[in-house]
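K.L.:
Residue numbers (full-length UniProt numbering): 1 to 93.
1) Does DSSP classify residue 10 as helix, strand or coil?
2) Which residue comes first and which comes last in the alpha helix (DSSP H) that contains residue 24?
3) Out of 30, 50, 58, state which residue places its alpha-carbon closest to the alpha-carbon of residue 86.
4) Of the choices 43, 83, 60, 1, whose alpha-carbon is the least far from that of residue 27?
5) Going by CA-CA distance only, name the one from 54, 18, 31 that's closest to residue 2.
6) Taking only the alpha-carbon atoms, compute the straight-line gap between residue 90 and residue 66 and give it to the nearest angstrom.
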């Protein structure tokens, strides 16, 4: 366990060993979560804008009609993603 002190404006300095262990460097983003036991800091996972999930969302949301939508669903399944779990809008019938 490491002890850190809160500085001006609420800043904290993570010990170098922890930064190295988790691959954190200047500019890295961490998430601060409130838990029953206190505050938990953990590295944020940055998802690229062109991730598979985002690609699936675009394919499904831009389908112009039912036929296009069925084609998009098939492609999304081929990507290994369940279309029902992707946030999107279905085309109007």
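Just so you know, even glycine gets a beta-carbon here, dropped at the ideal spot from N, CA and C.
P.N.:
The answer reads as follows:
1) Three-state DSSP puts residue 10 in a helix.
2) First-last for residue 24: undefined, no H or E at that position.
3) Scanning 30, 50, 58 for the CA closest to the CA of residue 86 turns up 58.
4) Residue 43 holds the alpha-carbon nearest to the alpha-carbon of residue 27 among 43, 83, 60, 1.
5) 18
6) 8 Å
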